[in-house]
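> In my numbering, the protein residues as written are 44 to 758.
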Amino acid sequence: MFTIRNTGYISCGQFLQQEKDRGLVVLTQISETQPVIVLQQITHSCPAISEKNYTIHINTPHSQTHSVISFQLLHFSAWSSGSTSSVEMGAIATPLVVVLLFCCLLSVSQAEYLKYKDPTQSLNVRIEDLLKRMTLEEKIGQMVQIERSIATPQVMKKYFIGSVLSGGGSVPETNASAETWIQMVNGIQNGSLSTRLGIPMIYGIDAVHGHNNVYKATIFPHNVGLGVTRDPVLIKKIGDATALEVRATGIQYVFAPCIAVCRDPRWGRCYESYSEDPEIVKAMTEIILGLQGDISGNSRKGVPYVAGKNKVAACAKHYVGDGGTSKGINENNTLISYRGLLNIHMPAYHDSILKGVSTVMVSYSSWNGKKMHANHFLVTDYLKNKLKFRGFVISDWLGIDRITSPPHSNYSYSIQAGVGAGIDMIMVPFNFTEFIDVLVYQVKNNIIPESRIDDAVERILRVKFVMGLFENPLADPSLVNQLGSEEHRQLAREAVRKSLVLLKNGKSAEKPLLPLPKKAANILVAGSHADNLGYQCGGWTITWQGLGGNNITVGTTILDAVKQTVDPATKVFYKESPDSTFVKSNNFSYAIVIVGEPPYAETLGDSLNLTIAEPGPSTITNVCESIQCVVVLITGRPVVIQPYLSKIDALVAAWLPGTEGQGVADLLFGDYGFTGKLARTWFKTVNQLPMNVGDKYYDPLFPFGFGLSTNPTKH
């Protein structure tokens, strides 16, 4: 009758029929439940089957989009009449032979055509088609984001979880490679793809100055330094590099950029802000085009845009007014008029939406006493309706819990208030079953209308469809070499050079100290931050709060950069905290003192005094009272420096430069000139704060826009 000469094996229960033309049937796996054999070449009638060669064609779940067929032709014996059966099995431990006996055995029930699986369909058609197939539990699952440490494939499948994140410092293992990250992310993703509808999850991570959670990633300067550059082209390149490094680990979504307008440096997140000036912050939203790709000319306003699998979904945060809290206290109250809110804190959101930003994260803070996580007017009426934002709104970590004080004290109310305000995805991140149970109850009892759930899920699905997540849900391992690539490190080095601000150069303008001579007998490098990679990277590096030391990741300390830059005959002496006797007795030509703040993040960085901790001040005094010195400040904001200024010959604000310390040496020794101008006002005393450019009483130590210049030197 007929012979099956070539077969293959995969595990699955349902398949998609993509094409049936002249006997060609292409089948695609969409779940992994039953063993079957897939045959590519089949004809329409029994006589035509005889003596055909059957070639295997297996497509991945995300790449095809047509009718569902269920195959249950299991455990049949190979059979033929008049010829010998020939069965070649694929990689399979236990032999399994499936044979087509008669035409009637080929008759299978065919379900309706799945439009949502078809990338040729319009975005709205795909969303509508999928949404109408979803149960309430499947919808609410899409609204849940959980921490990766509890995101097993079983959890993803059972609860239809829509998103996973790595919290600060949450990694698959210490110093994990890109391949290890990919294995973890794909494992979680396979759990999502095994659900009834096969909706892929989206994995988010804080990549706020490069892919900062990941060992060996390029760590760029924090935003406080990037704002100094006033260079949107550079910022876009940084976004592009960051996207590639994030994708190198299989991750598709970043909680960046932070577009806060920090109006008070006492805030512990001020280094995450580009500037006190909303115009600079607005210009820096160009990073979104680097992260997500250039938006097409015919794109509708507010619709998210991600240009393929080498780009990531971005997140504008923290909406809105997070940088204007009273006394800079993190998560506090921003007291400002509606007009002031729109003029200072809102412009960058408007620009981000025009650039197709995929998501917006809500701030922990309040506006005039109203928690942003419960602010229906600003989240729904203004962001979604007035600004026409069509991506999804996500909470911050435990954000809805913090609607109440103490947090989580009335979780049912918090869910009602947060979801009711217009938050679409909830960063739960652990007690997801409680969240799901409460929200299901509230919808079934008409406390929250299902239309609000549909709005949330439509927005989440829109982002997933737009970024091609259904077509390419799994990581591309070919990108692993992008992590910490030399090209990206050179870009970071350029960013360091452009972010430094020269605040003083010589005791008099006629006798500048910088650029320093590369050739000298003996030079001294001193200070707690000279040989400390963790300190120069700051918070949000490898861990949430950041770490000290040189083993946290791969990079170049400023001390090493100095040694690599000076003439081979120049002797470089390093002492972290030298006393004045040591300094005076060694006949140094000059000294480089590198001091600043230890790493911190969020509330733990709030400071009412903004002083440099010891031994920083002592090091400045002991060194700079004895020999010519340049002081390099490694800080996330302006700090108290006026008491030491008269002792210092040259002063450089280097902010938090990241892993590429060579960029600091490039300027100190004149390979490049200083060009950076302050994007923040540098105060004299903390009693002046808050003080921003344009204020009626404005008496800074160094004004907004200040920065001395030098010319490159030929050595």
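Just so it is clear, CB atoms sit at the ideal spot from N, CA and C, and this is done for glycine as well. Treat the numbers as computed from the prediction; the structure is a model and nothing was measured.
From S369 to L378, what does the alpha carbon distance come to, in whole angstroms?
By one-based count along the sequence shown, residue 369 stands at place 326. By one-based count along the sequence shown, residue 378 stands at place 335. Taking the straight line from one Cα to the other gives about 7 angstroms.
> According to DSSP, is I183 helix, strand or coil?
Indexing the sequence shown from 1 puts residue 183 at position 140. DSSP places I183 in helix when its eight states are reduced to three.
> For E288, collect the residues of the same chain with a Cβ closer than 6 angstroms to its Cβ; drop the 5 residues on either side in sequence, then sort them by chain order.
For the purposes of this step, residue 288 is taken as the residue at position 245 of the sequence shown. H254, A260, Q525 and L526.
> Nearest CA to the CA of S401: which residue from G270, L426 and A573?
Counted from its first residue, the sequence shown places residue 401 at position 358. Nearest C-alpha to S401: L426.
> Round the Cβ separation of I231 and P196 to the nearest angstrom and send it over; I've been treating them as touching at under 8 angstroms.
For the purposes of this step, residue 231 is taken as the residue at position 188 of the sequence shown. For the purposes of this step, residue 196 is taken as the residue at position 153 of the sequence shown. I231 to P196, Cβ: 6 angstroms. Contact.
> What did DSSP end up calling L676 once you bin it into helix, strand or coil?
Position 633 of the sequence shown holds residue 676. It is a strand residue.
> Please determine, among N256, P641 and P243, the residue with the shortest C-alpha to C-alpha distance to W698.
As a working note, residue 698 is residue 655 in the sequence shown. Checked all of N256, P641 and P243; the closest Cα to W698 is P641.
> Grouping DSSP H, G and I as helix and E and B as strand, with all else coil, what is G230?
Here residue 230 refers to the residue found at position 187 when the sequence shown is read from its first residue. In this structure, G230 counts as helix in the three-state DSSP scheme.
> Between the C-alpha atoms of N375 and K413, what's the straight-line distance to the nearest angstrom?
Against the sequence shown, residue 375 aligns to sequence position 332. Against the sequence shown, residue 413 aligns to sequence position 370. Cα-Cα distance, rounded: 11 angstroms.
> Could you check which residue in L522, K325, I466 and N488 has the C-alpha nearest to that of A499?
Locating residue 499 in the sequence shown gives position 456, where the first residue counts as 1. Out of L522, K325, I466 and N488, I466 has the C-alpha closest to the C-alpha of A499.
> How would you label R536, buried or exposed, when you count the other beta carbons within 10 angstroms and need 16 or more for buried?
One-based indexing of the sequence shown puts residue 536 at position 493. Under this definition R536 is a buried residue.
> Run through the segment 413-495 for me and flag every whole alpha helix (DSSP H) of 4 or more residues, listed as ranges in chain order.
Runs of the alpha helix (DSSP H) inside the segment 413-495: 454-464 and 475-487.
> Can at least three beta-carbon pairs, one atom from the segment 600-613 and one from the segment 553-572, be found at a separation below 8 angstroms?
At 8 angstroms Cβ cutoff, the stretches touch.
> What are the partner residues of C358, as DSSP defines its beta bridges?
Stepping through the sequence shown from its first residue, residue 358 is reached at position 315. For C358, which the question treats as bridged, DSSP gives the partners T402.
> Please return the same chain residues whose Cβ sits closer than 6 angstroms to the Cβ of G270, not counting the five positions on each side in sequence.
Working through the sequence shown from its first residue, we reach residue 270 at position 227. Only Y317, S318, I323 and A722 meet the Cβ criterion.
> Keeping to the same chain, check which residues put their C-beta closer than 6 angstroms to that of Y687; ignore five residues upstream and five downstream.
Against the sequence shown, residue 687 aligns to sequence position 644. I663.
> What residue range is occupied by the uninterrupted beta strand (DSSP E) comprising K775?
In this structure the chain extends from 44 to 758, so residue 775 is not present and cannot be described.
> Give a yes or no on contact between the segment 265-285 and the segment 320-335, applying the rule of three or more CB pairs nearer than 8 angstroms.
Flag = yes, the segment 265-285 and the segment 320-335 touch.
> Quick one, which of G750, R445, M177 and N629 has its alpha-carbon nearest G241's?
Counted from its first residue, the sequence shown places residue 241 at position 198. When each option's Cα is compared against that of G241, the closest is M177.
> So, using beta-carbon positions, are K279 and E329 closer together than 8 angstroms?
Here residue 279 is taken as the residue at index 236 of the sequence shown, counted from 1. Here residue 329 is taken as the residue at index 286 of the sequence shown, counted from 1. In this structure, E329 lies closer than 8 angstroms to K279 by Cβ.
> In whole angstroms, what is the alpha-carbon distance linking A708 and P660?
Looking up residue 708 in the sequence shown gives position 665. Looking up residue 660 in the sequence shown gives position 617. Computed Cα separation, rounded: 22 angstroms.
> Between which two residues does the beta strand (DSSP E) carrying V666 extend?
Residue mapping note: residue 666 aligns to position 623 of the sequence shown, counting from 1. From DSSP, V666 is part of no beta strand (DSSP E) but of the alpha helix (DSSP H) over G659 to C667.
> Taking the C-alpha atoms as reference points, what is the distance between H531 and P681?
For the purposes of this step, residue 531 is identified with residue 488 of the sequence shown, where counting begins at 1. For the purposes of this step, residue 681 is identified with residue 638 of the sequence shown, where counting begins at 1. C-alpha separation (whole angstroms): 28 angstroms.
> So what does DSSP say about K757, is it helix, strand or coil?
The count along the sequence shown starts at 1 and reaches residue 757 at position 714. It is coil, neither helix nor strand.
> How many Å lie between V523 and P558 at the Cα?
In the sequence shown, residue 523 corresponds to position 480, counting from 1. In the sequence shown, residue 558 corresponds to position 515, counting from 1. Each residue's Cα considered, the two are about 39 angstroms apart.
> Which residue's Cα is closest to the Cα of V304: A391, A350, I331 and Q226?
Numbered from 1 along the sequence shown, position 261 holds the residue referred to as residue 304. Measuring from the Cα of V304, the nearest candidate turns out to be A391.
> So what's K606 in DSSP terms, helix, strand or just coil?
Along the sequence shown, one-based indexing puts residue 606 at 563. The answer is helix: DSSP assigns K606 an H, G or I state.
> Could you name the residues of the same chain whose beta carbon sits closer than 6 angstroms to that of A250, not counting the 5 residues immediately before and after it, in chain order?
The residue given as residue 250 occupies position 207 in the sequence shown. For A250, where only same-chain residues beyond five positions count, the Cβ hits under 6 angstroms are T285, V289, V297 and A299.
> Tell me the residue span of the beta strand (DSSP E) that contains G639.
Taking the sequence shown and counting its residues from 1, one reaches residue 639 at position 596. Taken as a continuous stretch (DSSP letters only), the beta strand (DSSP E) holding G639 covers Y633 to G639.
> List the DSSP bridge partners of N565.
Counting from one through the sequence shown, the residue named residue 565 turns up at place 522. In the DSSP output, where bridge partners are listed per residue, N565 has K614.
> If we ignore side chains and look at the alpha-carbon of each, how far apart do E181 and S192 end up?
For the purposes of this step, residue 181 is taken as the residue at position 138 of the sequence shown. For the purposes of this step, residue 192 is taken as the residue at position 149 of the sequence shown. Cα to Cα, E181 sits roughly 22 angstroms from S192.
> Closer than 6 angstroms by C-beta to F475: which residues in its own chain qualify, once you throw out the five before and the five after it? Chain order, please.
Looking up residue 475 in the sequence shown gives position 432. V187 and I189, listed in sequence order.
> Can Q671 and A604 be called in contact, C-beta distance under 8 angstroms?
Residue numbering aside, residue 671 sits at position 628 when the sequence shown is read from its first letter. Residue numbering aside, residue 604 sits at position 561 when the sequence shown is read from its first letter. Their beta carbons are not under 8 angstroms apart, which means Q671 does not touch A604 by this criterion.
> Of the choices N229, V638, S632 and A291, whose alpha-carbon is the least far from that of S220?
For the purposes of this step, residue 220 is taken as the residue at position 177 of the sequence shown. Per the Cα distances, A291.
> Is the Cβ-Cβ distance between L744 and K720 less than 8 angstroms?
The sequence position of residue 744 within the sequence shown is 701, counting from 1. The sequence position of residue 720 within the sequence shown is 677, counting from 1. Result no, Cβ atoms of L744 and K720 do not sit closer than 8 angstroms.
> If we ignore side chains and look at the alpha-carbon of each, how far apart do T761 and H393 end up?
Lying outside 44 to 758, the shown extent of the chain, residue 761 is not represented and no answer is given.
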